[in-house]
Structure formats: C-alpha cells, structure tokens
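Data first, discussion second: the structure below is written as structure tokens.
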Amino acid sequence: DNNNEVQMLLTRLSEAAPRCPDQSCFIHGDYKLDNLMYDRSLPVVIGVLDWELSTIGDPLCDVANFCLVYEMPRGSAALAGVHNNNNDDENNDDDDVIMPLSWLDLMKHYCEALHCRRRRSTSTSAAADGNNNMVDLETMVAWRGFYMAFLLFKYYVIVQGVKQRYVTGVASSAKAKEVATMGPMLIHTALSLLDEHPAPDPNTTTTTTMSKL
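Taking the numbering used here, I'd label the letters of the sequence shown as residues 2 to 214.
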C-alpha cells in the first residue's frame, strides 16, 4: 500500500547502517515507559517487565525505543506518545501526558549513568567492557534520527503481522484493527525523522548537529 515509501526508508537505513556506532551488549529489546514498574510513592523504577525481545544488540536501540514517546502523537494505538505536547504550555488539556525531562536532558542523564558505571569499574575486564559500550552525547544526538527510524521500521514489520492476523480473523488483541492501520504512519514518521535528523555524513562533525538544539 505504501511500497515506495517503505523502499525509500530501507534504502536510507541501509546506506547509513555501515557507519552507525554499532555497539554490542545485552539489551531489553522493548524498553519503554509502559514496560517499567514504579514505586507507589517514590519516583523510582523498581522493575522492568516484558523481556521476550531481549537479545545481544546495540544499546542505542533500547535508548531509541524509550525515546519514541517524544515523537509519537498522543492517542496512537500501542505507541501513544507526547509529540506536540508542550511542557511549558499552560493551555495543555488535563489529559495531556507531560514528560518530566526533555529528550536532550534524558540523553544527558543516560550518558552520565554510563560514565558513572565506567568509573565504578575496577577490574580490567569490566573496564574493557565499559569502554566498548561508552557513547558520548554528541554521538547520540547525531544518530537520533537513524535509530528511531530503524525502531519505527521494526514496529512496521510487527504491524504487518498484526494486520495479517486481523485480516485472517485470528488476531487476539482488541486493538488489532486499529494497530493494523498504523503502517503508513510509522513509515512516514520514520522518513520525517531522517529528514529532520539525517544520519551523520562522514565528512562532517557532530558539533553541527549539537548546535541545532
């Protein structure tokens, strides 16, 4: 139904993939707000749920998956977000979800946590592992569009499976009909992210990307 856009997205992701940070560690695979368990009275995460997609992969995929909430519109089936909700807008609806941190602040906290882990590493093997998985803020900002577009393509593939099950009458989710229509929106959003945040060109530096924020 939107094969041209899908092919365009695949081409752009394939062209950028060979030069992405491409780190490797154990990742959750579906790390997001609604897979976290929170303390009833304190702003503390006490558990992480839904590990069925856990694997060895690039940790920035988990980061991108968590950050999709900043790019998805409110009310999207299965992928509801806070895009266009303004934390500083006093006219927000009462039902609007406001993230306590901006995307950039969240990335800063992530990088600080990585550096703290590295400082706590005392053995040679732990330090080596930490060095292998270190990423700086500029790199994360520069590759923002690529990783989130890649995750949206992953969700597009999942949606195609849901759509097939819905069409054949074997879908188990009550939201299957709504989810089955999300494909074009996911591809369009992915392409828009790549337009707004293109993967770094090897002949440029990430400083330019940071200066745009």
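Where a beta carbon is used, it is the ideal one built from N, C-alpha and C, also for glycine.
query: Cβ shell of K178 (< 7 Å), same chain only, five flanking positions each side left out; result: Y167
query: Nearest neighbour of M183, chosen from V171, A172, L153 and N204 [CA to CA]; result: L153
query: Counterpart residues of F27 in DSSP-defined beta bridges; result: I57
query: Length of the line joining the Cα atoms of A17 and P199; result: 9 Å
query: Three-state class that DSSP yields for P199 in the structure shown; result: coil
query: I188 beta carbon less than 9 Å from that of E6; result: yes
query: C-beta atoms of L34 and V49 nearer than 9 Å; result: no
query: Rounded separation between C68 and A191 - CA only; result: 13 Å
query: DSSP three-state assignment for L69, whether helix, strand or coil; result: helix
query: Contact under 9 Å by Cβ, F27 with I47; result: no
query: Residue nearest to L195 in terms of C-alpha spacing, selected from K155, A181, Y148 and V171; result: Y148
query: Nearest-angstrom Cα separation, counted from L54 out to V171; result: 22 Å
query: Y39, enclosing beta strand (DSSP E) - first and last residue; result: L37 to Y39
query: Residue environment, N66, which counts as buried when at least 16 other CB atoms sit within 10 Å; result: buried
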